[in-house]
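Heads up: the sequence shown is residues 1 to 815, going by the UniProt record's numbering. Data first, discussion second: the structure below is written as structure tokens.
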Amino acid sequence: MNRQQNGNHLHGMNEGQLELAPMDLMDADLDGNYQADELDNNINSINPAQKPSTKSLSPIVSDHALNVLNELREANLLCDAQISVGEQSFNVHRAIMCSCSSYFRAQFTGFNNRSGAGSDESRIVHIPGISASIMNSVIQYAYLRKTNISDDNVHELLICADYVGMVGLVKQCKDYLSRTLSPENCVSIMGFARFRFLEDLYLKARNYTLRYFTDVAARNTDILDLNVKDFYSIISDDELNTREEDYVWKLCVKWIDRDPENRKQHVAHLMTGVRLGLMTPKCFMEEVKEHPYVIQCEAAKPLIVDTFKFMYDLDFLNPQAEELTTPPLAMPRLPHEVIFAIGGWSGGTSKGCIETYDTRADRWVNINAEDPAGPRAYHGTAVLGFKIFSIGGYDGVEYFNTCRVFDAVKKRWNEIAPMHCRRCYVSVAELNGMIYAIGGYDGHNRLNTVERYNPKTNQWSIIPPMNMQRSDASACTLHGRIYATGGFNGQECLDSAEFYDPLTNVWTRIPNMNHRRSGVSCVAFRDQLYVIGGFNGTSRLSTGERFDPETQSWHFIRQMNHSRSNFGLEIIDDMIFAIGGFNGVSTISHTECYVAETDEWMEATDMNIVRSALSANNVAGLPNKRDYIHKERDRLMEERRQRLMATAMAREDVGSTNRSHSLIADHNNDTAMDDDLLDGEESPNEEDGDVDGEELQLQQQVAALPLPLPLPHPLPLAAPGAAAAAAMPSAAIAAAAAAAAAAAAAVDASSAAAAAAMPAVHINRQLEDRGPDNNNNNSNNNNSNNNNNNNNNRRFRVQLRNQRYGSHHEIRRRS
1 MNRQQNGNHL HGMNEGQLEL APMDLMDADL DGNYQADELD NNINSINPAQ
51 KPSTKSLSPI VSDHALNVLN ELREANLLCD AQISVGEQSF NVHRAIMCSC
101 SSYFRAQFTG FNNRSGAGSD ESRIVHIPGI SASIMNSVIQ YAYLRKTNIS
151 DDNVHELLIC ADYVGMVGLV KQCKDYLSRT LSPENCVSIM GFARFRFLED
201 LYLKARNYTL RYFTDVAARN TDILDLNVKD FYSIISDDEL NTREEDYVWK
251 LCVKWIDRDP ENRKQHVAHL MTGVRLGLMT PKCFMEEVKE HPYVIQCEAA
301 KPLIVDTFKF MYDLDFLNPQ AEELTTPPLA MPRLPHEVIF AIGGWSGGTS
351 KGCIETYDTR ADRWVNINAE DPAGPRAYHG TAVLGFKIFS IGGYDGVEYF
401 NTCRVFDAVK KRWNEIAPMH CRRCYVSVAE LNGMIYAIGG YDGHNRLNTV
451 ERYNPKTNQW SIIPPMNMQR SDASACTLHG RIYATGGFNG QECLDSAEFY
501 DPLTNVWTRI PNMNHRRSGV SCVAFRDQLY VIGGFNGTSR LSTGERFDPE
551 TQSWHFIRQM NHSRSNFGLE IIDDMIFAIG GFNGVSTISH TECYVAETDE
601 WMEATDMNIV RSALSANNVA GLPNKRDYIH KERDRLMEER RQRLMATAMA
651 REDVGSTNRS HSLIADHNND TAMDDDLLDG EESPNEEDGD VDGEELQLQQ
701 QVAALPLPLP LPHPLPLAAP GAAAAAAMPS AAIAAAAAAA AAAAAAVDAS
751 SAAAAAAMPA VHINRQLEDR GPDNNNNNSN NNNSNNNNNN NNNRRFRVQL
801 RNQRYGSHHE IRRRS
């Protein structure tokens with residue numbers, strides 16, 4: 001959506017063209033608007049038996065006839081009525097005004113006039129409270145079905161059009177306001193629409209406010225003028241799109257500061273709309289608990305106590321405790337964007353599975369919507385609206401030129417036109433509503449050819465080729481250009497990159513990367529090109545680098561926690577997510593994200609299925625997003641508790657054994673196919689390495705079930721209660737502090753016992769990653785236990801607490 005408010009726009013269409021298509025042929029766009037499904041229509045048009053209807057092709061009145069009638073009006077010829085506003089009158093034709101306005105139809109036909117339809121009095125209509133310029137625009141629309149709409153007149157014009165019953169003009173005004181929604185005006189448009197009972201415009205403005213909440217909170221002052229009921233409905237909405245609850249609390253403080261004498265009484269009520277349990281501890285301790293509005297409010301103290309109990313309850317692993325329920329103060333909101341991970345290679349074969357990632361709950365969800373045409377790996381994907389286009393690929397036998405499209409709203413797969421060439425290891429990008437299939441491997445040769453798909457015509461066309469052959473490369477769109485990076489040309493992994501400019505229709509080289517990269521992934525992020533991972537011909541890479549188009553230079557970024565190639569890479573919540581892939585030994589399910597502000601990678605929950613050669617795409621604004629997110633959100637705490645208890649038990653059970661198993665649960669070698677190793681062979685020839693029995697049993701017994709409670713820098717266990725008691729001398733808070741201290745002592749004792757029972761190597765290891773101490777034997781571990789018991793106890797407690805609460809970005813930080 002264009003957020004900038006433009007100047008005057010001349011909107012015109014015939015009244016008959018305002019009719020909407022049937023709902024079953026329409027799809028909602030990112031803002032909830034519905035538009036005709038051109039792809040489905042084009043596919044249907046292939047059937048010669050279907051003939052398009054000519055009813056909607058011809059307008060009711062031709063443009064020429066409308067222009068002639070308007071010229072007659074301006075010359076005051078054949079006019080038979082007057083419209084009077086203030087001191088100015090407009091000569092009009094009654095038939096024209098009656099054709100588009102129920103109000104004028106009633107006036108001129110005498111239903112609201114005692115003088116009768118033929119009298120002189122019935123031919124003069126007085127309309128009070130309307131300016132001459134607005135009435136002139138209304139009359140212009142009546143004759144031409146178009147008029148000038150701008151920011152200066154749209155509100156008054158809509159009111160007048162609604163008053164005289166011009167439905168078409170009302171719709172044009174609402175469409176204009178919808179198109180010009182911005183963080184600065186969305187709240188005022190929302191209030192205007194509700195006052196005028198324009199429900200559809202109100203919902204669009206409200207959804208826009210929720211979607212761009214961070215920008216609205218920073219740049220909009222109208223939101224501070226809302227009454228408490230409307231303001232609370234915004235901040236408490238599950239659809240509120242915010243990565244950090246700190247922003248929500250800070251907006252509440254700004255709202256109260258607008259009129260503190262009358263508004264500070266609502267602080268406790270507003271706190272119930274903020275997810276206090278998901279705030280960063282620093283913000284909660286310094287900006288919530290210590291705030292004067294909170295200290296002075298007795299009703300807010302129980303909320304502070306409940307948050308303390310939730311954040312620092314160390315009795316979390318008590319197996320005799322009742323089933324835990326996630327409280328409202330820690331219930332994650334609904335994500336605005338969802339990552340789809342589709343297809344891939346695992347267990348020596350291609351997969352058709354689909355998983356979606358819920359970033360608010362940090363959970364992967366299995367979706368029962370596999371392509372009935374069969375699985376594919378090493379394919380490319382692109383997103384247009386709510387449709388995911390799957391291009392080319394390989395199923396272990398055949399190299400595809402076929403293409404499929406998944407409609408995420410209808411949960412349905414369809415076939416679209418095939419490409420001219422078979423393409424495995426293909427790079428795919430979207431630009432200006434077109435999909436580009438770049439390079440790849442056809443089973444015989446690496447390709448430099450490029451094809452472009454037009455969804456409106458359902459046709460592929462050939463465009464100029466790249467400067468070199470690229471298979472197993474990656475492509476993305478930045479500043480109106482398509483960048484193709486890395487790849488394999490049949491002889492070597494490439495460090496080169498180039499871009500395609502659709503205006504010049506030419507491919508142009510850019511400076512080489514710092515590393516050769518095949519099986520690489522790239523994304524456009526913050527006006528720069530980020531290229532991450534891959535294979536350099538010798539080993540899988542964890543390095544990443546970014547390209548600055550202004551300086552034409554490459555710069556390294558922080559290395560990933562896991563080396564990988566042929567993985568998914570996508571942006572969500574202003575972070576880059578790396579998903580799955582092949583680490584040189586086996587396919588992996590690890591997911592991690594890059595935070596540009598701190599230049600660090602943090603661990604997220606692993607996928608449910610290990611795989612490489614998958615695609616990852618971000619789909620935003622789905623109307624049926626609840627079908628793709630974690631549903632049992634109230635059980636997140638219980639799931640986390642069960643997982644941590646299973647982790648502790650599994651570590652103790654496997655501590656006395658050291659068997660060697662395959663990394664894959666089905667005990668089969670998972671052969672991953674890399675283009676630079678294939679060299680024309682039909683099947684890959686790469687075996688997995690082994691892994692010790694401890695990690696295998698841990699992976700089999702424990703599923704990743706994190707709770708999105710941010711705690712990036714754990715605080716001292718007893719400190720929160722003590723600080724609370726010092727700042728707020730309340731008996732309830734003092735009791736909470738004492739309970740927290742007692743719980744800390746209990747867990748210290750249980751943790752010491754658990755640590756003494758298990759080797760130090762098991763305490764220091766991450767579940768997902770083998771540490772450098774995997775080859776240590778049990779005798780060395782037992783000897784080190786006696787010397788490092790206290791350190792291990794502290795590490796064990798910190799690890800459990802970190803695994804429970806997660807990180808600042810609602811995903812758990814890697815130790």
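Where is the CB? At the ideal position from N, CA and C, for every residue including glycine.
Asked: Between the C-alpha atoms of G380 and P511, what's the straight-line distance to the nearest angstrom?; Found: 25 angstroms
Asked: With 16 other CB atoms within 10 Å as the buried threshold, where does D606 fall?; Found: buried
Asked: DSSP three-state label for Y628, please.; Found: helix
Asked: Relative to the C-alpha of P335, which residue among L636, Y628, A648 and M637 is closest?; Found: Y628
Asked: I need the DSSP call for G397, collapsed to helix, strand or coil.; Found: The residue you asked about is not Gly; residue 397 is Val in the sequence shown. Reduced to three states, the DSSP call for V397 is coil.
Asked: Here's the rule I'm using: 16 or more other beta-carbon atoms within 10 Å means buried, otherwise exposed. How should N566 be labelled?; Found: buried
Asked: In the structure shown, what three-state DSSP assignment does V154 receive?; Found: helix
Asked: Between the stretch 360-370 and the stretch 590-607, are three or more C-beta pairs nearer than 8 angstroms?; Found: yes
Asked: Rounded to the nearest angstrom, how far is the Cβ of C493 from that of G537, given a contact under 8 angstroms?; Found: 5 angstroms
Asked: Count the other CB atoms within 10 Å of the CB of N220; is the residue buried (16 or more) or exposed (fewer)?; Found: buried
Asked: Can you list, in chain order, the residues of its chain with a C-beta nearer than 8 angstroms to that of Y212? Leave out the 5 residues immediately preceding and following it.; Found: P183, C186 and N241
Asked: Going by beta carbon distance, what residues of the same chain come within less than 8 angstroms of C98, once the five residues before and after it are set aside?; Found: F104, R105, F108 and T109
Asked: Mapping DSSP to helix, strand and coil, what is Q459?; Found: strand
Asked: I'd like to check one pair, M135 with I83: are the Cβ atoms closer than 8 angstroms?; Found: yes
Asked: Using a Cβ-Cβ cut-off of 6 angstroms (strictly less than) and excluding sequence neighbours within five positions of I609, which residues of its own chain qualify?; Found: C353
Asked: Report, in whole angstroms, the separation of the C-beta atoms of Y141 and M166, which I expect to be a contact under 8 angstroms.; Found: 7 angstroms
Asked: From L181 to I234, what distance separates their C-alpha atoms?; Found: 17 angstroms
Asked: What is the DSSP secondary structure of A650, reduced to helix, strand or coil?; Found: helix
Asked: Determine the closest residue to A341 out of L529, I463, I571 and I124, with distance taken between C-alpha atoms.; Found: I571
Asked: Going along the chain, which residues of its own chain have a beta-carbon closer than 6 angstroms to the beta-carbon of H126, five neighbours each way excluded?; Found: S84
Asked: Spatial neighbours of V164 within its chain, please: C-beta separation below 6 angstroms, excluding the five flanking residues on both sides.; Found: S101 and Y103
Asked: Counting pairs of beta carbons, one from the stretch 374-394 and one from the stretch 435-454, are three or more of them closer than 8 angstroms?; Found: yes
Asked: Give the straight-line distance between the Cα atoms of R641 and T647, rounded to the nearest whole angstrom.; Found: 10 angstroms
Asked: Please list the segments of the beta strand (DSSP E) lying wholly inside the stretch 386-447, counting only runs of 3 or more residues, in order along the chain.; Found: 387-391, 403-407, 412-416, 427-431 and 434-441
Asked: Among the candidates N432, D407, M285 and A132, whose CA atom is the shortest distance from the CA of E156?; Found: A132
Asked: If the criterion is Cβ atoms closer than 8 angstroms, does the pair V549 and L478 meet it?; Found: Here the sequence assigns Pro to residue 549, which means Val is not the residue at that position. The answer is yes: Cβ separation under 8 angstroms.
Asked: Can you give, in chain order, each stretch of the beta strand (DSSP E) that sits fully within the stretch 504-541 and has at least 3 residues?; Found: 506-510, 521-525 and 528-532
Asked: So, at 7 angstroms on beta carbons, what are the nonlocal neighbours of K55 in its own chain, with the 5 sequence-adjacent residues on each side left out?; Found: For K55, the pLDDT reaches just 39, beneath the cut-off of 50, and the residue's location in the model is therefore unreliable, leaving the point undetermined.
Asked: Between the Cα of F499 and the Cα atoms of V92, N207 and V450, which residue gives the shortest distance?; Found: V450
Asked: Smallest Cα separation from L384: which of V523, Y530 and D407?; Found: D407
Asked: Return the Cβ separation of R422 and D442 in integer angstroms, given the expectation that the two are a contact with Cβ distance under 8 angstroms.; Found: 4 angstroms
Asked: Would a C-beta distance cut-off of 8 angstroms place A369 and W345 closer than the cut-off?; Found: no
Asked: In chain order, what are the residue ranges of uninterrupted beta strand (DSSP E) at least 3 long that sit wholly in the stretch 320-368?; Found: 337-346, 349-358 and 363-367
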